[in-house]
Amino acid sequence: MSVVHAVPTDTYRPLDRSAPVFVAGRNGLVGSALWRLLTAEGFSSLLGPASAELDLRDRPAVFEWFARHQPHAVILAAARVGGIKANDTRPADFISDNLLIQVNVLDAALRNGVQRLLFLGSSCIYPKHAGMPIREEALLTGTLEPTNEAYAIAKIAGITQVRSVRRQHGLPWICAMPTNLYGPGDNFHPEHSHVLPSLIRRFHQARMERAPKVVNWGSGTPRREFLHTDDLARACLLLLEGYDSDSPINVGTGEDLTIRELSDMVASVVGYEGAIEWDTSQPDGTYRKVLDISRITALGWTPAIRLSDGIADTYAWYESASP
Ligand code: GFB
């Protein structure tokens with residue numbers, strides 16, 4: 010059964026399953042989930058060169074690749090991403106790499122007449138003090154969270170480029186804004202990753218080493234929302250086939266929890282029973298981030314993976330991938 014069955018038939022424009030679809034960032038957290046879903050959905054000409062084969066920051070190489078492969082549709086899931094500390098300590102890398110990747114892929118797609126394109130942003134594009142849950146209309150209405158301002162501004166530039174192409178060239182390109190994501194294939198780096206994979210790694214190590222305590226970052230009081238990438242992948246296909254608007258569209262669960270609650274949940278899944286301490290010299294970041302998902306749920310999509318199940322699934326992947 011197709012995942013897009015719930016889209017109203019008047020807006021449903023199916024993608025040709027045999028036409029080439031470029032999943033930019035195919036080996037990343039989001040790209041790999043998209044690849045799994047699109048393969049299962051019968052897409053037979055997926056394109057997803059590894060970064061060693063095609064560096065998306067290399068403009069001539071990107072143009073040459075598009076001219077040769079002529080993708081029919083593009084999902085731009087390639088990005089330099091990282092957790093709060095990576096964003097805070099390497100802002101020059103985050104703004105430069107993301108702007109280069111986006112401008113090259115979007116320009117090459119335009120040059121080659123790509124009709125269907127989905128650009129993936131992030132919930133950090135919204136103002137730090139946006140009303141909760143965050144509606145799409147909050148974009149560009151206030152100042153950003155300083156720890157990820159460089160990344161957020163690059164993503165806002167991408168949204169603006171997609172909207173500009175719509176306005177100037179009339180192509181039905183779209184943007185989706187996912188909340189904090191997690192899933193198999195995530196980055197588990199101890200310093201640079203996001204909180205959920207960091208906690209999995211930390212609690213796993215502590216359990217293996219029988220450590221009496223772990224120390225997490227910040228106060229544990231900030232609230233976040235977490236979406237499994239398999240749920241995001243279903244949303245991406247639904248949007249590509251059934252959404253055509255100038256406005257970015259949020260993709261999340263609409264439910265948040267404190268970092269302390271998340272930490273307890275991860276400890277329970279991993280089986281860590283020692284003490285948990287909090288290092289308040291580390292940044293908390295924005296206090297709360299939860300998306301209003303009424304626009305996408307009206308199209309018929311809802312998240313299907315409960316957080317505890319998703320953590321268990323991600324932990325199973327981590328254990329299978331760990332040496
Ligand atoms: O996942 P995270 O880095 O993303 O951090 P952000 C979320 C919260 O978890 C912060 C706390 O309050 C952290 O202080 N935390 C506790 C930890 N322990 C840890 C740990 O071991 N590692 C990490 N990373 N956090 C990022 C943005 O912000 O979210 C990006 O910087 C992007 O630009 C991404 O938008 C989705 O939600 O704070």
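For the sequence shown, the positions run 10 to 332 when my numbering is used. All residues carry an ideal CB built from backbone N, CA and C; glycine is no exception.
Do you know how far the Cα of Arg315 is from the Cα of Asp102?
-> Start at 1 with the first residue of the sequence shown, and residue 102 comes out as number 93. Start at 1 with the first residue of the sequence shown, and residue 315 comes out as number 306. Between Asp102 and Arg315, the C-alpha separation is close to 34 Å.
Hey, would you say the C-beta of His203 is under 7 Å away from at least one heavy atom of ligand 1?
-> Here residue 203 corresponds to residue number 194 of the sequence shown, with the count starting at 1. Because some heavy atom of ligand 1 lies under 7 Å away, the Cβ of His203 counts as near it: yes.
If you draw a straight line from the alpha carbon of Ser53 to that of Ile209, how long is it in whole angstroms?
-> By one-based count along the sequence shown, residue 53 stands at place 44. By one-based count along the sequence shown, residue 209 stands at place 200. Approximately 35 Å between the Cα atoms of the pair.
For Asn259, verify whether its CB is less than 7 Å away from any heavy atom of ligand 1.
-> Within the sequence shown, the letter at position 250 stands for residue 259. Flag unset: Cβ of Asn259 not near ligand 1.
Asp102 lies in the alpha helix (DSSP H); which residues open and close that run?
-> For this step, residue 102 is matched to residue 93 along the sequence shown. That run of the alpha helix (DSSP H) goes Pro100 to Arg120.
Hey, would you say the C-beta of Thr48 is under 7 Å away from at least one heavy atom of ligand 1?
-> Position 39 of the sequence shown, counted from the start, is the residue given in the question as residue 48. Every heavy atom of ligand 1 is 7 Å or more from the Cβ of Thr48, so no.
Simplified DSSP assignment, three categories, for Ile320 = Indexing the sequence shown from 1 puts residue 320 at position 311. Here Ile320 sits in helix by DSSP.
Comparing the CB of Arg176 with every heavy atom of ligand 1, is any distance shorter than 7 Å?
-> Working through the sequence shown from its first residue, we reach residue 176 at position 167. No, the Cβ of Arg176 stays beyond 7 Å of every heavy atom of ligand 1.
Drop a sphere of 10 angstroms on the beta-carbon of Val224, count the other beta-carbons inside from all chains shown, and report buried for 16 or more, exposed for fewer.
-> In the sequence shown, counting from the first residue as 1, residue 224 sits at position 215. The residue in question, Val224, is exposed, as its Cβ has fewer than 16 Cβ neighbours within 10 Å.
Member of Ser131, Arg232 and Gly280 whose CA lies at the smallest distance from the CA of Ala161 | By 1-based counting over the sequence shown, the position of residue 161 is 152. Ranking the options by Cα distance to Ala161, first place goes to Ser131.
Taking only beta-carbon positions, decide if Gly280 is within less than 8 Å of chain D.
-> No chain D is present in this structure, which holds just one protein chain.
For Ala242, which of Ile285, Leu129 and Gly57 has the nearest alpha-carbon?
-> Position 233 of the sequence shown holds residue 242. Selected option, being the one with the closest Cα: Leu129.
Rounded C-alpha distance that separates Thr80 from Leu65 | Locating residue 80 in the sequence shown gives position 71, counting from the first residue. Locating residue 65 in the sequence shown gives position 56, counting from the first residue. Note that residue 80 corresponds to Pro in the displayed sequence, not to Thr. Distance between the alpha carbons of Pro80 and Leu65: 15 Å.
May I ask you to verify whether the stretch 302 to 321 touches the stretch 262 to 275, counting CB pairs closer than 8 Å and requiring at least 3?
-> yes
Measuring alpha carbon to alpha carbon, tell me which of Thr238, Ala49 and Gly34 ends up nearest Ala88.
-> By 1-based counting over the sequence shown, the position of residue 88 is 79. Comparing Cα positions, the closest option is Gly34.
Would you mind sorting Thr323 into buried or exposed? The rule is 16 or more other CB atoms within 10 Å of its CB.
-> Here the question's residue 323 lines up with position 314 in the sequence shown. When all chains shown are included, Thr323 counts as buried.
Please classify His178: is it buried, with 16 or more other beta-carbons within 10 angstroms of its beta-carbon, or exposed?
-> The residue you call residue 178 lines up with position 169 of the sequence shown. With fewer than 16 Cβ atoms within 10 Å of its Cβ, His178 is classed as exposed.
Does DSSP classify Arg22 as helix, strand or coil?
-> In the sequence shown, the residue the question calls residue 22 occupies position 13. It is coil, neither helix nor strand.
Can you say whether Met186 is buried or exposed, counting buried as having 16 or more other CB atoms within 10 angstroms of its CB?
-> For this step, residue 186 is matched to residue 177 along the sequence shown. Answer is buried; the Cβ neighbour count reaches 16.
So which of Tyr252, Glu154 and Gly57 has the shortest CA-CA distance to Gly37?
-> What you label residue 37 is simply residue 28 of the sequence shown in a count that begins at 1. Comparing Cα-Cα distances from Gly37 to each of Tyr252, Glu154 and Gly57, the minimum goes to Gly57.
Of the residues Glu218, Gly92, Ile84 and Ile93, the one placed nearest Ser41, counting alpha carbons only | Mapped onto the sequence shown, residue 41 falls at position 32. Selected option, being the one with the closest Cα: Ile84.
Beta-carbon separation of Thr238 and Gly167 under 8 Å?
-> Taking the sequence shown and counting its residues from 1, one reaches residue 238 at position 229. Taking the sequence shown and counting its residues from 1, one reaches residue 167 at position 158. No, the Cβ-Cβ distance between Thr238 and Gly167 is not below 8 Å.
Arg233 by DSSP, collapsed to three states: which one?
-> For this step, residue 233 is matched to residue 224 along the sequence shown. Looking at Arg233 - three-state DSSP - the assignment turns out to be strand.
From what residue to what residue does the beta strand (DSSP E) around Ala288 run?
-> For this step, residue 288 is matched to residue 279 along the sequence shown. First, the amino acid is wrong: residue 288 is Asp here, not Ala. Looking at the DSSP string, the run of the beta strand (DSSP E) that includes Asp288 is Ala284 to Asp288.
Write down the C-beta distance between Val204 and Leu300 rounded to the nearest angstrom, noting that I regard them as a contact closer than 8 Å.
-> The residue given as residue 204 occupies position 195 in the sequence shown. The residue given as residue 300 occupies position 291 in the sequence shown. With a Cβ gap of about 17 Å, Val204 and Leu300 do not count as contacting.
Might you give, ordered along the chain, the residues of its own chain that have their beta carbon closer than 6 Å to the beta carbon of Gly319, omitting 5 neighbours on each side?
-> As a position in the sequence shown, residue 319 is number 310, starting the count at 1. So the list reads His237, once near-sequence residues are dropped.
Could you tell me if the beta carbon of Ile93 falls within a distance shorter than 7 Å of some heavy atom in ligand 1?
-> Indexing the sequence shown from 1 puts residue 93 at position 84. True, at least one ligand heavy atom lies under 7 Å from that Cβ.
Using the beta-carbon count (16 or more within 10 Å), is Lys164 buried or exposed?
-> Here the question's residue 164 lines up with position 155 in the sequence shown. That one is buried.
Classify Ser207 as buried or exposed, calling it buried when 16 or more other Cβ atoms lie within 10 Å of its own Cβ.
-> Counted from its first residue, the sequence shown places residue 207 at position 198. It counts as buried.
What three-state label does DSSP hand Val299 in the structure shown?
-> Position 290 of the sequence shown, counting from 1, holds the residue named residue 299. Coil at Val299, not helix or strand.
Excluding the five sequence neighbours on either side, which residues of its own chain have a C-beta within less than 7 Å of the C-beta of Leu109, listed in chain order?
-> Against the sequence shown, residue 109 aligns to sequence position 100. So the qualifying residues of the chain are Arg66.
Buried/exposed call for Arg219, threshold 16 Cβ in 10 Å = In the sequence shown, counting from the first residue as 1, residue 219 sits at position 210. Classification for Arg219: exposed.
So, is Pro221 buried or exposed, given that buried needs 16 or more other C-beta atoms within 10 angstroms?
-> Taking the first residue of the sequence shown as 1, we reach residue 221 at position 212. Counting Cβ neighbours within 10 Å, Pro221 comes out exposed, since fewer than 16 surround it.
What's the gap between the Cα of Phe75 and the Cα of Leu55?
-> For the purposes of this step, residue 75 is identified with residue 66 of the sequence shown, where counting begins at 1. For the purposes of this step, residue 55 is identified with residue 46 of the sequence shown, where counting begins at 1. Roughly 14 Å between the two C-alpha positions.
Would you kindly work out how many angstroms separate the C-alpha atoms of Val171 and Gln214, rounded to a whole number?
-> By one-based count along the sequence shown, residue 171 stands at place 162. By one-based count along the sequence shown, residue 214 stands at place 205. About 43 Å.
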